[in-house]
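With the first letter of the sequence shown counted as 1, position 309 gets the number 309 in UniProt numbering; the numbers rise by one all the way through.
Backbone N, C-alpha and C fix where the C-beta goes; we use that ideal spot for every residue, glycine too.
In what follows, a single structure is set out as structure tokens and then discussed.
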Amino acid sequence: MVIGSEYPLFRHGYRVGQLVNRPTAERKLACSGRDVERSDQIHHDHLILMVNDLNLRLEMSVSGDSVIINIEGLAYSIEETMFHDSLVPPKSCIFKIPNILYRQNEKAFIPDAFSFGPLHHDDNPNLKAVEKIKLQYLQCLISRLHTSETGKKRVIDLVKSIEEVEKAARQYYAESIKYTLEEFVKILLIDGCFIIELFRKYAYEELREKEDPIFTMSCMLQFLAHDLILLENQVPWIVLERLFNMTKQETHTESLLQLAIQFFGTTFSATPPTKILPLKDIKHIVDLLRKWLVSSTKVEESNSEYWEVMPSATGLVEAGIKFVKGTSESILDKIQ
């Protein structure tokens with residue numbers, strides 16, 4: 001049955017019922033709040049809005065089969081779905097990779113050794129093995145802060161600080177976070193402290209312990225470089241920056257931005273940059289790397305102290321550059 005423009009609209013806020021405009025139907029309109037009666041002469045294909053003091057419902061009958069819909073209940077259910085289930089947070093920037101990409105190479109998008117943030121926290125038992133290393137780094141960071149008079153209460157201060165941005169941090173994730181406030185804050189605190197401590201130890205060798213597993217075990221830094229740049233494996237930058245600023249020591253003047261780029265510098269080039277262009281509104285590490293790499297291509301002066309990324313061979317070919325096999329035995333010889 002198709003309802004066209006010939007049928008009346010249901011007016012919200014009133015107890016109104018009216019039969020569908022059919023040739024053989026008897027029309028009755030009730031506005032008093034009492035039950036609307038249905039005529040025995042109504043055609044077997046009909047639609048009627050039933051109203052009484054207890055319930056508002058829509059009754060549809062096709063060839064004698066009836067279906068009753070609770071309009072108010074259905075409207076409430078739709079509103080609940082819109083506001084709680086279907087809408088993605090407007091600030092979300094950390095989300096699951098689409099399944100179509102997973103089908104190509106799933107391993108390229110999931111962490112190998114270290115999970116960061118809530119999305120892969122409980123996925124793989126093998127990832128739990130490195131949680132002890134994270135706690136070891138947290139303990140090292142806290143013990144270094146204990147040299148000051150206020151160091152003993154720094155853990156409480158760190159927890160309170162992350163709790164203040166917990167709601168904002170949830171908005172960074174497109175996926176619904178299943179963890180409670182306490183669990184989520186714990187994940188952000190442990191993972192965040194590990195990341196900033198990793199950047200510091202990479203930059204300042206004196207902070208490394210003699211048996212530090214990250215710097216003594218083979219391939220650990222390579223695993224970390226891979227896992228830290230996965231979109232599903234991110235911690236919001238606002239969390240990292242808060243933890244970094246609260247644990248920064250006067251002898252170390254570099255910013256979190258500088259330490260992060262120093263850590264990833266040799267991942268993208270053998271020559272890390274000596275200066276860094278200002279970057280704003282950083283959302284997470286992947287966003288930082290994207291903005292850093294894009295900004296480096298905008299430097300116009302060829303003798304600039306900023307680092308410029310060498311385009312890939314594929315990109316050069318697509319731009320029209322032709323490659324010719326050389327006769328030199330050394331790549332250091334002058335290119336003709």
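Of the candidates 202, 191, 132 and 68, 191 places its Cα closest to the Cα of residue 118.
Beta-bridge annotation (DSSP): residue 173 is paired with 94.
Distance from the CA atom of residue 133 to the CA atom of residue 188, rounded to whole angstroms, is 15 angstroms. Restricting attention to 96, 108, 246 and 321, the CA atom closest to the CA of residue 197 is found in 246. Counting the other Cβ atoms within 10 Å of the Cβ of residue 121 gives 16 or more, which makes it buried. Straight-line spacing of the CA atoms in residue 128 and residue 156 works out to 25 angstroms.
The continuous alpha helix (DSSP H) containing residue 245 extends over residues 237-247. DSSP places residue 104 in the coil class of the three-state scheme, outside both helix and strand. Contact between residue 193 and residue 259 is ruled out by a C-beta separation of about 14 angstroms, above the 8 angstroms threshold. Taking one beta carbon from each stretch, the stretch 91-107 and the stretch 230-244 have 3 or more pairs nearer than 8 angstroms; the two touch. Every unbroken stretch of the alpha helix (DSSP H) spanning 4 or more residues and falling wholly within the stretch 205-234 is given here in chain order: 213-216 and 220-227. Counting the other Cβ atoms within 10 Å of the Cβ of residue 103 gives fewer than 16, which makes it exposed. When DSSP states are grouped into helix, strand and coil, residue 183 belongs to the helix group.
Take the alpha-carbon of residue 179 and the one of residue 237: they are about 20 angstroms apart.
From the listed residues 162, 287 and 311, the smallest Cα separation to residue 184 is found for 162.
Contact check for residue 174 against residue 89 passes: the beta carbons are separated by less than 8 angstroms.
Distances from the CA of residue 108 to each of 244, 227, 204 and 317 were compared; the closest alpha carbon is that of 227. Residue burial annotation: residue 168 is exposed, with fewer than 16 other C-beta atoms found within 10 angstroms of its C-beta. Counting along the chain, the unbroken alpha helix (DSSP H) around residue 159 starts and ends at 154-164. In this structure, the beta-carbon distance from residue 293 to residue 323 does not fall below 8 angstroms. A residue is called buried when at least 16 other Cβ atoms come within 10 angstroms of its Cβ; residue 137 meets this threshold and is buried. If the five residues before and after residue 319 are omitted, its C-beta is found closer than 8 angstroms to the C-beta atoms of 311, all from its own chain and listed in chain order. Counting along the chain, no alpha helix (DSSP H) covers residue 109, and no H or E run does either.
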